[in-house]
Amino acid sequence: MSRLNWPKGIILNDLAWVENIARKYTLPDLDIATGSVVLERTFATGGRCFCYSDGSWVIGLSLPRMQRCGRQGMEGILAHELLHAWLWARHGYAGHGPVFEGHASVRGIPRWCSAEHEVRRQGPQQLALFDA
């Protein structure tokens with residue numbers, strides 16, 4: 001799976017929204033320029049974060065969900081994915097484990113998309129790590 005063609009989607013050009021979410025949820029020193037946010041035509045998940053060995057990251061957000069919920073409805077999902085990127089940039093770690101849980105709890109970031117999703121969650125994490 002090549003980094004150049006994954007994930008595919010529309011590049012989100014409104015970085016001010018991304019920066020505002022990072023500030024609101026206290027993710028200091030997250031260099032927005034090292035990553036990008038794309039809108040994907042996926043129904044399976046609200047968002048996902050891909051972290052690369054060169055320190056860059058790509059967040060994919062669900063375009064259909066964005067169209068249904070608007071930005072306000074996507075805020076928690078974006079904050080969740082930005083936390084993955086922030087942990088990756090600061091600690092080289094980006095999983096859903098206890099480190100993520102602790103930072104999410106302190107900042108009020110949803111650990112999962114919904115309580116129902118957390119109860120039904122099975123299988124591998126949505127987070128993927130790739131070599132550049």
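Okay, so the sequence shown: first residue is 1 according to the numbering used here, each after it adds one.
Where a beta carbon is used, it is the ideal one built from N, C-alpha and C, also for glycine.
Roughly how many angstroms lie between the CA atoms of residue i and residue j, to the nearest whole one?
i      : j     : result
His91  : Trp57 : 14 Å
Gly108 : Ile77 : 12 Å
Pro110 : Gly97 : 14 Å
Ile11  : Arg68 : 19 Å
Arg71  : Gly46 : 12 Å
Thr42  : Met74 : 14 Å
Leu39  : Asp14 : 12 Å
Trp6   : Met66 : Here Trp6 scores only 48 on pLDDT, less than 50, and its place in the model should not be relied on; the value that follows carries that caveat. Cα to Cα, Trp6 sits roughly 20 Å from Met66.
Gly102 : Leu87 : 11 Å
Trp17  : Gly55 : 22 Å
Residue range of the beta strand (DSSP E) that residue i falls in?
i     : result
Leu39 : Gly35 to Glu40
Residue i: beta carbon under 7 Å from a heavy atom of the ligand MG?
i     : result
Gly47 : Ligands displayed in this structure: none; no statement on the ligand MG is therefore possible.
Measure how close the beta-carbons of residue i and residue j come, nearest whole angstrom, since I'm counting them as under 8 Å.
i     : j     : result
Ala94 : Cys49 : 7 Å
Q | Touching by the beta-carbon criterion (3+ pairs, under 8 Å), the region 21-29 and the region 44-62 | A | A contact is defined here as three or more CB-CB pairs under 8 Å, and the region 21-29 fails this definition with respect to the region 44-62.
Q | Cβ pair count under 8 Å reaching 3, the region 75-82 against the region 10-27 | A | Here the region 75-82 makes contact with the region 10-27; the two share three or more CB pairs at distances below 8 Å.
Q: Give, in chain order, every unbroken run of the beta strand (DSSP E) that is at least 3 residues long and sits entirely within the region 16-100.
A: Runs of the beta strand (DSSP E) inside the region 16-100: 35-40, 47-52 and 57-62.
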